[in-house]
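Below is one structure, written out as structure tokens; comments come after it.
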Amino acid sequence: MSEEILINVTPRETRVALIENGMLQEVYVERTSKRGYFGNVYKGRVQRVMPGMQAAFVEIGQERAAFLHASDILRKPDAELEGADVQPSVVPPINELVHEGQDIIVQVIKDPIGSKGARLTTHLSLPSRYLVLLASSKTVGVSARIEDEAERARLRDAVLMMEPEREHGYIVRTNAEGLPAESLADDVAYLKRVWRAVSARFQNARVGDCVYEDLSLPLRSVRDLMRANIEKVRIDSRETFERTLKFVNQFMPTMVDRIEHYPGERPIFDLYGVEDEIQRALKKEVPLKSGGHLIVDQTEAMTTVDVNTGGFLGTRNLEETVYRTNLEAAQAVARQLRVRNIGGIIIIDFIDMVDEEHKRQVLRQLEKALARDHAKTTVYDMSPLGLVEMTRKRTTESLERQLCEPCPACIGRGSLKTAETVCYEIFREITRAVRQFDCEKLLVLAAPKVVSRILDEESAAVAELEEFIKKTIRFQSEDQYPQEQYDVVLL
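Heads up: the sequence shown at position 37 corresponds to 37 in full-length UniProt numbering, and the numbers run straight through without jumps.
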């Protein structure tokens with residue numbers, strides 16, 4: 001499978017696209033005014049301790065206080081846990097772990113999303129090309145994506161031999177598969193230098209200061225996404241290209257020849273069709289080649305994906321048609337979750353199938369398609385109603401939340417009150433107003449569609465209302481008013 005990374009840079013925005021076999025699979029956006037906080041380390045101060053929530057709110061210099069749960073607070077060193085890779089199962093009360101006014105070093109593990117502040121941990125980790133340093137641990141682990149047991153053992157032993165008396169723990173990343181021990185040793189030395197710098201900065205920092213900031217999006221993407229099957233990294237900015245080339249020369253010299261500057265006149269995202277794919281990813285409906293379609297609906301609590309056959313009738317029986325549509329939908333859903341960067345709880349409503357083997361095959365197809373996802377996913381068995389519950393790790397806002405805002409007309413509801421409904425609201429408001437205040441006549445300001453309906457279909461109702469309140473009502477159309485807005489003015 002051929003893959004490419006495209007990096008589009010403008011003065012205020014950087015975008016990165018991962019292309020697999022000519023199709024967009026993932027897109028990342030970073031704006032100068034809204035750089036993400038994920039991975040950053042701060043000197044914080046505990047503002048409030050909430051025993052009922054087993055959590056504390058921590059000031060880290062952001063608009064909203066960040067959230068720190070008791071389970072994310074470092075407790076007993078794992079040397080005392082006989083080398084276990086987990087914290088004790090019983091979490092002590094939060095007020096035994098932190099107190100108000102306490103200075104604390106914390107790392108952002110989830111960006112602020114919606115009305116929620118960032119989520120924090122005191123289990124600090126610093127990533128490099130091939131390793132992740134675990135500041136408060138001494139264990140050595142290997143990425144679950146490396147499946148060969150012999151290779152896992154080799155990598156683990158290589159790290160253990162480098163530091164028999166370890167100060168920190170390490171996780172060997174997927175990118176390290178097949179690499180010599182020398183490459184890992186270079187990363188260990190680099191991470192130790194970074195950690196010493198972070199520790200020194202923390203001592204002199206003020207509350208809210210960032211003592212460690214992750215790499216910029218282009219360098220972070222190259223570090224995290226660069227694999228053996230990445231054929232090219234194309235960058236349309238000369239400055240970013242040179243900076244990336246320097247970074248790759250230092251940390252992955254064998255891949256220098258894959259970094260290219262794109263000097264073309266045509267925008268690089270247009271050339272690969274990425275702009276069109278981004279626009280399609282902002283729509284609810286996703287067409288399938290078979291004629292069916294998906295409906296993707298993001299809400300605050302979860303995301304639902306509905307699978308429909310549409311005009312696809314198939315050439316055999318109904319069960320075969322449904323099975324084929326669900327198989328195609330399983331692949332499409334996995335891709336849409338990546339492109340849209342949807343996380344949290346996801347419910348997929350597949351079309352009902354009778355055959356148990358068909359259900360297993362559809363679930364297997366979904367799991368297979370999700371295997372290439374960089375975010376951690378967990379898929380549960382299909383329910384009797386054909387629903388599949390799954391989770392996808394969320395660290396940043398989805399593509400839609402990054403690029404869009406709630407519609408000012410419907411305030412994010414996705415629907416508007418009809419002109420008829422607004423008319424009757426106006427009539428009720430008029431009745432309410434004349435009972436409370438004295439006036440000779442009334443002026444109603446409303447959207448053109450609403451005024452048009454009042455003067456046409458509702459003219460008889462207006463006459464009855466004027467007779468009832470013994471007042472004259474005049475209506476004025478306001479082009480700037482959205483459909484639901486109106487004002488009743490007493491004259």
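Note that beta-carbon positions come from the ideal geometry of N, C-alpha and C, so glycine has one too.
So is G117 buried or exposed if we call it buried at 16+ other beta carbons inside 10 Å? buried
Please work out which residues of its chain come closer than 8 Å, Cβ to Cβ, to D355, disregarding the five sequence neighbours upstream and downstream, and give them in chain order. Exclusion of the five residues before and after D355 leaves E319 and Y323 as the residues of its chain whose Cβ lies within less than 8 Å of its Cβ.
Check the C-beta distance from V49 over to E96 and give it rounded, since I have them as a contact under 8 Å. Contact doesn't hold; Cβ gap of about 10 Å is too wide.
In the DSSP assignment, what are the bridge partners of N308? H293
For N308, collect the residues of the same chain with a Cβ closer than 6 Å to its Cβ; drop the 5 residues on either side in sequence, then sort them by chain order. G292 and H293
Ignore the nearest five residues each way along the sequence and tell me which others in R227's own chain have a CB closer than 7 Å to its CB. N175
Evaluate F437 with the Cβ neighbour count: other Cβ atoms within 10 Å of its Cβ, from every protein chain shown; 16 or more gives buried, anything less gives exposed. exposed
Rounded to whole angstroms, what's the CA-CA distance from V27 to Q336? Just pull it up for me. Take the alpha-carbon of V27 and the one of Q336: they are about 11 Å apart.
Tell me the residue span of the alpha helix (DSSP H) that contains K359. E356 to L370
Simplified DSSP assignment, three categories, for F67: strand
Taking DSSP as the reference, what is the three-state secondary structure of N8? strand
Going by beta carbon distance, what residues of the same chain come within less than 7 Å of F251, once the five residues before and after it are set aside? R129
Rounded straight-line distance, which links the Cα of Y424 to that of L18: Their backbone Cα atoms lie some 52 Å apart in a straight line.
Report buried or exposed for M390, applying the criterion of at least 16 other Cβ atoms within 10 angstroms of its Cβ. buried
Report back the beta-carbon spacing between L131 and L191 to the nearest angstrom; my notes put them in contact at under 8 Å. A Cβ-Cβ distance of about 6 Å is found for the pair L131 and L191, placing them in contact under the 8 Å criterion.
When we look at the beta-carbon of A79 and count the other beta-carbons within 10 Å, is it buried (16 or more) or exposed? Per-residue confidence for A79 stands at a pLDDT of 38, beneath the threshold of 50, marking its modelled position as unreliable; the derived number appears in the next sentence. Exposed, by the Cβ-count rule.
Quick one: Cα of R15 to Cα of N341, how far? About 14 Å.
Could you give the distance in angstroms between the alpha-carbon of V462 and the alpha-carbon of S415? 27 Å
Between L399 and V362, is the Cβ-Cβ spacing less than 9 Å? Not a contact, by the Cβ cut-off of 9 Å.
How is the beta strand (DSSP E) around V132 delimited, first residue to last? L131 to L134
Taking the beta strand (DSSP E) that T240 belongs to, which residues open and close that run? Where T240 is concerned, there is no enclosing beta strand (DSSP E), although the alpha helix (DSSP H) it sits in stretches over R238 to F251.
Hey, R196 and V172 are a contact pair by Cβ (cut 8 Å); roughly how many whole angstroms apart? About 22 Å; that fails the 8 Å criterion.
DSSP-derived helix/strand/coil call for D72: helix
Is it buried or exposed, T325, if we count other Cβ atoms within 10 angstroms and call 16 or more buried? Classification for T325: buried.
Contacting residues, own chain, Cβ-Cβ under 7 Å from E82 (five flanking each side not counted): Residue placement at E82 cannot be trusted, given a pLDDT of 36 that sits under 50; the coordinates are not used to answer.
By Cβ distance, which residues of its chain are closer than 8 Å to L387, with the 5 residues on each side in sequence left out? I347, I348, D349 and F350
Whose CA, out of S125, R64, R266 and T418, lies closest to the CA of L74? S125
Between K110, I469 and A419, which has its C-alpha nearest P448's C-alpha? Shortest Cα-Cα distance from P448 to any of K110, I469 and A419 involves A419.
Looking only at its own chain, which residues have a Cβ that is under 8 Å from the Cβ of A65, when we skip the five neighbours before and after it? Q47, R48, F57, V58, E59 and G117
Cα-Cα separation between K246 and L215, rounded to whole angstroms: Going from the Cα of K246 to the Cα of L215 covers about 14 Å.
Under three-state DSSP, which class holds E420? helix
Thinking C-alpha only, which one of Q203, R220, V142 and N204 is nearest L184? V142
Kindly indicate which three-state DSSP category R338 falls into: helix, strand or coil? helix
Per the DSSP calculation, Y42 is bridged to which residue(s)? V106 and C210
Helix or strand or just coil, what does DSSP make of S383? DSSP, reduced to helix, strand and coil, places S383 outside both helices and strands of the structure shown, so it counts as coil.
Cutting at 7 Å between CB atoms, please list the residues of its own chain near R223, excluding the five before and the five after it. R129 and L215
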